[in-house]
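Trainee: 320 is the number that our numbering gives the last residue of the sequence shown; the numbers go up by one with no jumps. Structure below; questions to follow.
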Amino acid sequence: IDCEILQANPFVVHLLVAESYAKGRTFLAGDAAHQYIPTGGYGMNTGVGDALDLGWKLAAVYEGWAGPRLLESYENERRPVGLRNREGSRRHADLKQKIAAVWDTALVESSTPAGEQARAILGERLREFGNLENASLGIEMGYRYDGSPIICGDDGTPPALELANYRPTTWPGSRPPSIFLGDGRALFDLFGPGFTLLDFTGADTSGIMAAAQRRGLPLTVRRIDDANARRLYERDLVLIRPDQHVAWRGNRQPESPDAVMDRVRGAA
C-alpha cells in the first residue's frame, strides 16, 4: 500500500506505577498513575477500574454522606492493583522474548524434515509457555481490595489470588460473581446506583436500612429467591458497593449496623 509517512515517533517501553495516587485534593488515575507495556492490554482496563473506584467516592463527598477516610481509601485500594497488573504485563513481555529466542522464521517456514521438526519443537515450547497474555482472568476479574479501610473483612484466610484463574467469590473486597437468575434476569441488573444489600433468605434487614438512612447513605435492598445464586454468593446477606465490590457479608444482620455503615463510607 502506497503511503506517505508524515511523522514517526519512537515507542518507549514503560513499566511504571506512581509512588502515590493522591496528594491533597489531587488524584491520579489511568495513564497518569501507571504505564504498562501493551502485553495483556491492562492499561485501559486498570484505568477504568481507577475511575470507577474514585468516581463513586467523589460523588459521596459531593452528596454529603462520605466519611473523612473515604477518599483516602482510593490509593489503598487501587495502587496494589496497579502494581499487580504491572507485574502481569512484565511477565507477558518477558515471555515474548523467550518465544523470539526459539523462533527461527526461515527454518519454521521451510518445507523440509528439519522445518517439520522445528515446528514440532516450537509448538511444544508454546504449549509450555501458555497463553496467559490473552487469558489472565485472574488479573482481569479476580482482583480484590484486601486491607482496605472501608471493607468489613472476614475472619480466616482469603482465597488465593491467581493471575490465570478467576474463582467466583464474595470474599469482602472482591467483585461479586455474575449470574443469571432462574427467571432470566441478570443479578447485576438489580444492583442500585448506591449500595445494594442482597438478601437471599428473607432475613431481617431493618437495622442496616435504618443505619443507612440516618447517614443519608443510598441503599437498595433486593430480595433474591434463587438457591443457585445463594450458593454462589456464599452468605445470606451480601452488601455491594456502588462500584460493584463486596463491602460486607454475613448470615444475619451485624451486631452493630451503625459500625458497618460508618466503615463502608469511610467514617470509622
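Every residue, glycine too, gets a C-beta built ideally from N, C-alpha and C.
On the premise that Y73 lies in contact with R131, defined as a C-beta separation below 8 Å, what is that separation, rounded to the nearest angstrom?
Mentor: As a first step, residue 131 is located in the sequence shown; it is residue number 79 there, counting from the start. As a first step, residue 73 is located in the sequence shown; it is residue number 21 there, counting from the start. Their Cβ separation, rounded to whole angstroms, is 5 Å, which keeps R131 and Y73 in contact under 8 Å.
Trainee: Which same chain residues, not among the five before or five after T253, have their C-beta less than 6 Å away from its C-beta?
Mentor: Reading the sequence shown from its first residue, position 201 is the one you call residue 253. So the qualifying residues of the chain are D288.
Trainee: Quick check: G367 and G99, are their CB atoms within less than 9 Å of each other?
Mentor: Nothing about residue 367 can be read from this structure; the chain reaches only from 53 to 320.
Trainee: Which same chain residues, not among the five before or five after I276, have their C-beta less than 6 Å away from its C-beta?
Mentor: Locating residue 276 in the sequence shown gives position 224, where the first residue counts as 1. Closer than 6 Å at Cβ, skipping near neighbours: L250 and F252.
Trainee: I'd like to know whether the C-beta atoms of T222 and V133 end up nearer to each other than 9 Å.
Mentor: Sequence index remark: in the sequence shown, residue 222 carries index 170 (1-based). Sequence index remark: in the sequence shown, residue 133 carries index 81 (1-based). Not closer than 9 Å, so no.
Trainee: For the alpha helix (DSSP H) holding F181, just list the boundary residues, first then last.
Mentor: As a first step, residue 181 must be located in the sequence shown, where it is residue number 129. Residues P165 to F181.
Trainee: How would you write the range of the alpha helix (DSSP H) that W108 sits in, first residue to last?
Mentor: Taking the sequence shown and counting its residues from 1, the one referred to as residue 108 is at position 56. Counting along the chain, the alpha helix (DSSP H) containing W108 begins and ends at Y94 to E115.
Trainee: Would K348 be called buried (16 or more neighbouring beta carbons within 10 Å of its own) or exposed?
Mentor: Outside the shown range of the chain (53 to 320) lies residue 348, about which nothing can therefore be said.
Trainee: Going by DSSP, name the residue or residues bridged to G302.
Mentor: Translated into the one-based positions of the sequence shown, residue 302 becomes position 250. Answer by DSSP bridge pairing, in chain order: L289.
Trainee: Can we say the stretch 218 to 236 touches the stretch 262 to 280, given the rule of at least three CB pairs closer than 8 Å?
Mentor: yes
Trainee: Have a look at the DSSP bridge pairing and note the partners of G247.
Mentor: On the sequence shown, position 195 is the one that residue 247 refers to. Contrary to the premise, residue 247 reads as Phe rather than Gly in this sequence. The partner list for F247 (beta bridge, DSSP) reads L271.
Trainee: Would you be able to state if there are at least three C-beta pairs under 8 Å between the stretch 292 to 306 and the stretch 195 to 209?
Mentor: yes
Trainee: Do R293 and W108 have their C-beta atoms closer together than 9 Å?
Mentor: Here residue 293 refers to the residue found at position 241 when the sequence shown is read from its first residue. Here residue 108 refers to the residue found at position 56 when the sequence shown is read from its first residue. For the 9 Å CB-CB criterion, R293 and W108 form a contact.
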